[in-house]
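Some notes on the structure that comes next.
Chains as they are written, first to last, in the working numbering: chain G, 24 to 132; chain E, -15 to 98.
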């Protein structure tokens, strides 16, 4: 799997959009970009994934640059319950599904 | 609803004892995984299984073993628990290993070895 780089922490005001960046400059053509989050003391929760096109679901949007070397996870209206560690993973198969250190998102009132 | 459950959720054991962590999923997924997560680190793969009777070593498999006798369960055994194995353990499963599929995680088992 391609290595991913994320900032260690970010702050966001409640109700505002949270934009979490991820660099994956060595991503290969068949690797998807996945985002998971982990709220304290809970198991990782799937958020969204994509290959080339931008994706949106009920939780978030994923914007992937045209060269696929970076992506941004967007939580459109962050709430206090979105405070968590967010992991960006460039992945092909699950026997090498490597979670790095992630970004700690702090949503503040 | 289908789910993945782990037990026990919390356990304290002594050095040298054998410990087994249970993982049960009701999605009928062929693929199951065990990860450990240490403070300040991401998840690291211990063992994984593609189906019944299949097991494979992951990145940090030393001191751990798994067995897959049915689709639903993948128990993780620590043969002789060591303090270095104090960690949070997550079980996961996936329907398909091809790119674009999703892996789902259990809630974790907190293990302390004293």
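Cβ atoms here follow ideal geometry from the backbone N, Cα and C, with glycine treated the same way.
Selection from the options that minimises the alpha carbon distance to residue i
| i | options | result |
| --- | --- | --- |
| residue 36/E | 23/E, 17/E and 87/E | 17/E |
| residue 84/E | 61/G, 70/G, 46/G and 62/G | 70/G |
| residue 81/E | 124/G, 114/G, 125/G and 27/G | 114/G |
| residue 88/G | 82/G, 103/G and 45/G | 45/G |
| residue 56/E | 20/E, 95/E, 77/E and 89/E | 77/E |
| residue 132/G | 79/G, 112/G, 97/G and 106/G | 106/G |
| residue 62/G | 95/E, 47/E and 91/E | 91/E |
| residue 6/E | 44/E, 12/E, 62/E and 23/E | 62/E |
| residue -11/E | 4/E, 1/E and 9/E | 9/E |
| residue 76/G | 65/G, 92/G and 64/G | 92/G |
Residues of its chain near residue i, where Cβ-Cβ distance is below 6 Å and the 5 sequence neighbours each way are ignored
| i | result |
| --- | --- |
| residue 33/E | 16, 39, 52 and 58 |
| residue 28/G | 46 |
Contacting residues, own chain, Cβ-Cβ under 7 Å from residue i (five flanking each side not counted)
| i | result |
| --- | --- |
| residue -8/E | 93 |
| residue 73/G | 55, 56, 85 and 87 |
| residue 39/G | 101 |
| residue 74/E | 19, 21, 27, 89, 90 and 92 |
| residue 42/E | 29, 30, 31 and 32 |
| residue 109/G | 43, 58, 60, 96, 125, 126 and 128 |
Secondary structure of residue i, DSSP reduced to three states
| i | result |
| --- | --- |
| residue 105/G | helix |
| residue 44/E | coil |
| residue 73/G | strand |
| residue 81/G | coil |
| residue 33/E | strand |
| residue -9/E | strand |
| residue 19/E | strand |
| residue 28/E | strand |
| residue 11/E | coil |
| residue 1/E | coil |
Cβ neighbours of residue i in the same chain (closer than 8 Å, five flanking residues each side left out)
| i | result |
| --- | --- |
| residue 98/E | -4, -3, -2, -1 and 67 |
| residue 33/G | 41, 43, 126, 127, 128 and 129 |
| residue 54/E | 36 |
| residue 44/E | 20, 28, 29 and 30 |
Opening and closing residue of the beta strand (DSSP E) in which residue i lies
| i | result |
| --- | --- |
| residue 98/G | 93 to 98 |
| residue 67/G | That residue, residue 67/G, is in no beta strand (DSSP E); it is neither H nor E in DSSP. |
Any non-hydrogen atom of the ligand HEM closer than 8 Å to residue i Cβ
| i | result |
| --- | --- |
| residue 74/G | Ligands displayed in this structure: none; no statement on the ligand HEM is therefore possible. |
Please give me, in chain order, every unbroken run of the beta strand (DSSP E) with length at least 3 that falls completely inside the region 50 to 98 of chain E. 60 to 62, 71 to 78, 87 to 89 and 93 to 97
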